[in-house]
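Engineer: The structure that follows is given in the form of structure tokens.
Numbering (this note's numbering), first residue to last: 1 to 515.
Listed below in structure tokens is the structure:
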């Protein structure tokens, strides 16, 4: 926000119009930093979120539903005791400060009138929320305590007298007043700055925003609506980024483990690749056993395959027959290892290809639901293991593939490998299938309905396929397309892996379908 105190000033005006004389029906504890006051005013419910988070301190009316923390904090329990069923007298701000005061009246069971003030100091890392008894000015409870040792100039502890934060010096205060007065003259038109579909900031008027050309502007009727939209957008973006990072980390770790396993298998296969030599030594020793004696360290025989001399190393503790059996056992062991590592290497290579396809889908994901679908796919493949506190019974259903209508044709794009397989399975033989050439990405289907699309239509779909591929940052992407009847799936193949023939190729530029 360009001017915090100014925005709080306008928010308080809106709160007074909506919530004054409203009743606190419930105090909800979300976590150590956030509480929600459920207010009933003018026959409507208004959840007021107060956050003392050092990273995102704020106060606004929200329409979101939150889950309560299992164990409420001492501060929240004190609020429930003192302000539940109380009436809001007014909202107020401390001039030129990022502090909002909520004044309450509460009549207890004995008919005694008690007055409290909830002070929200929304000042970044110094944020705090404090409940004060109005008659005495004493602190009842606070979200964050500060002893005399920690804050000798302004300790904050229950039972102590509350004092406002130290005001800035005269020159700074005068400068703030001038800026405040200048901003008050600006027309009231709440707006939000948006970049890449994410809210960046909110303003009472877009004229307060710098570099307006770099952002899209969304206007609102009230500042609270703008604030609510901003924090909801930020929350969704952070949740999306966090899940995307977790999934990307999980798939990277899985690939590292597979790469290590592949290296071990390759090394073992290389060490056992001389199995035929042990078979030959066993055969030559068996054919020339009369030349060897018990206790000999070696014996030189003629290789009847190429008439060359071969020296065979012998174990002095074994007789010639036992030495021959030893070579045959080594041959059998190495041959078995060679065959098994070959089979395992094929499986590892398939798994690596599958993991790379998931990685490409994670990078291309643009919404939370797509990531949740990929998370389900990874959980089924035992890549992303769920936490113990996650609900296993009520498994969310996978979302539907992306759907677009292009030139009168229905176009579907899979968000993950499972959807890619379902698209192919549910399509007709005459439908057109598209996929980036020699790379991982989404599968696309053009439903023809017995009417073949033009090359122009296929090109438009190919541009979208390129956008949702791993190469969307490049200028030119090659996309193959063919009819579904030419697309087959090998038995036992990983989800999303197909074979196709009779394809044609287009070179296109990636294009965002939302633009």
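The C-beta atom is built at its ideal place from N, Cα and C for all residues, glycine as well.
Predicted model only: the values in this text are computed from it and were never measured.
Tell me which residue opens and which closes the beta strand (DSSP E) that residue 406 is part of.
Structural biologist: 402 to 406
Engineer: Locate the beta strand (DSSP E) running through residue 134, then write down its first and last residues.
Structural biologist: From DSSP, residue 134 is part of no beta strand (DSSP E); its letter is neither H nor E.
Engineer: Assuming the contact rule is C-beta atoms closer than 8 Å, residue 468 and residue 364 should be a hit. Round their C-beta distance to whole Å, please.
Structural biologist: 5 Å
Engineer: In this structure, does DSSP put residue 368 in helix, strand or coil?
Structural biologist: helix
Engineer: Any contact of the segment 336 to 347 with the segment 261 to 275, i.e. 3+ C-beta pairs under 8 Å?
Structural biologist: yes
Engineer: By the three-class DSSP mapping on this structure, what secondary structure does residue 114 have?
Structural biologist: In this structure, residue 114 counts as strand in the three-state DSSP scheme.
Engineer: Please name the residue or residues paired with residue 517 in a DSSP beta bridge.
Structural biologist: There is simply no residue 517 to check, as the chain begins at 1 and stops at 515 in what is shown.
Engineer: Considering only residues of the same chain and omitting the five flanking positions on each side of residue 388, which have a CB-CB separation below 8 Å?
Structural biologist: Any reading at residue 388 must be qualified, since the residue scores a pLDDT of 43, below 50, and its modelled position is unreliable; no value is offered.
Engineer: Quick one: give me the first and last residue of the beta strand (DSSP E) that residue 195 is part of.
Structural biologist: 191 to 195
Engineer: Could you please give me the residues that DSSP links to residue 47 through a beta bridge?
Structural biologist: In the DSSP secondary-structure assignment, residue 47 is bridged to 38.
Engineer: CB residue 353 to CB residue 433, shorter than 8 Å?
Structural biologist: no
Engineer: Applying the criterion that 16 or more other CB atoms from any shown protein chain within 10 Å of the CB defines a buried residue, is residue 507 buried or exposed?
Structural biologist: Exposed, because fewer than 16 other Cβ atoms sit within 10 Å of the Cβ of residue 507.
Engineer: Counting C-beta neighbours from all protein chains within 10 Å, is the total for residue 383 16 or more, i.e. buried, or is it exposed?
Structural biologist: buried
Engineer: Kindly indicate which three-state DSSP category residue 19 falls into: helix, strand or coil?
Structural biologist: helix
Engineer: Let me check understanding here. Comparing Cα to Cα, which of 23, 407, 340 lies closest to residue 267?
Structural biologist: 340
Engineer: Looking only at C-alpha atoms, which of 172, 135, 171, 25 sits nearest to residue 161?
Structural biologist: It is 135.
Engineer: Could you spell out the range, first to last residue, of the alpha helix (DSSP H) harbouring residue 227?
Structural biologist: Counting along the chain, the alpha helix (DSSP H) containing residue 227 begins and ends at 223 to 271.
Engineer: Per DSSP, what kind of secondary structure is residue 434 in: helix, strand or coil?
Structural biologist: DSSP places residue 434 in strand when its eight states are reduced to three.
Engineer: Check whether the Cβ atoms of residue 470 and residue 441 sit closer than 8 Å, and answer yes or no.
Structural biologist: yes
Engineer: When the Cα atoms are used, what is the spatial distance from residue 164 to residue 190?
Structural biologist: 29 Å
Engineer: Since residue 509 and residue 463 are thought to touch, with beta carbons under 8 Å apart, how far apart are those beta carbons, to the nearest angstrom?
Structural biologist: Yes, they are in contact, since the Cβ atoms of residue 509 and residue 463 sit about 6 Å apart, within 8 Å.
Engineer: Taking the alpha helix (DSSP H) that residue 215 falls in, what are its first and last residues?
Structural biologist: No alpha helix (DSSP H) holds residue 215; DSSP gives it neither H nor E.
Engineer: Using the Cβ count rule (16 or more neighbours within 10 Å means buried), how would you classify residue 431?
Structural biologist: buried
Engineer: Taking contact to mean at least 3 C-beta pairs separated by less than 8 Å, is the segment 186 to 200 in contact with the segment 229 to 236?
Structural biologist: yes
Engineer: Using DSSP with H/G/I as helix, E/B as strand and the rest coil, what is residue 503?
Structural biologist: Three-state result, residue 503: coil.
Engineer: With a threshold of 6 Å on Cβ separation, who are the neighbours of residue 144 within its own chain once the five nearest residues in sequence on each side are excluded?
Structural biologist: 128
Engineer: Sorted by chain position, which residues of the same chain lie with C-beta nearer than 6 Å to residue 220's C-beta, five sequence neighbours on each side aside?
Structural biologist: 190, 226
Engineer: What are the boundary residues of the beta strand (DSSP E) that residue 141 is part of?
Structural biologist: In the DSSP annotation of this structure, the continuous segment of the beta strand (DSSP E) that includes residue 141 starts and ends at 138 to 142.
Engineer: Would you grab the beta carbon distance between residue 14 and residue 224 for me? Rounded to a whole angstrom, and I think it's under 8 Å.
Structural biologist: 5 Å
Engineer: Going by DSSP, what residue range makes up the beta strand (DSSP E) through residue 301?
Structural biologist: 298 to 303
Engineer: What did DSSP end up calling residue 391 once you bin it into helix, strand or coil?
Structural biologist: With a pLDDT of only 49 at residue 391, under 50, the local geometry of the prediction cannot be trusted, and no value is derived from it.
Engineer: Using the rule of at least 16 other Cβ atoms within 10 Å of the residue's Cβ for burial, across every protein chain shown, is residue 435 buried or exposed?
Structural biologist: buried
Engineer: Is the number of C-beta pairs between the segment 274 to 288 and the segment 320 to 338 that are closer than 8 Å three or more?
Structural biologist: Judged by Cβ distances under 8 Å, the segment 274 to 288 makes contact with the segment 320 to 338, as three or more pairs qualify.
Engineer: Thinking residue 423 and residue 445 are a contact (beta carbons under 8 Å), I'd like their distance in whole angstroms, please.
Structural biologist: 5 Å
Engineer: Using the Cα positions of residue 392 and residue 502, report the straight-line distance between them to the nearest angstrom.
Structural biologist: Low per-residue confidence applies at residue 392: pLDDT is 46, beneath 50, and the placement is therefore not dependable, though the value from the model is reported in the following sentence. The straight-line gap from Cα to Cα measures roughly 44 Å.
Engineer: Opposite residue 91 in the DSSP bridges: which residues?
Structural biologist: Paired residue(s): 102.
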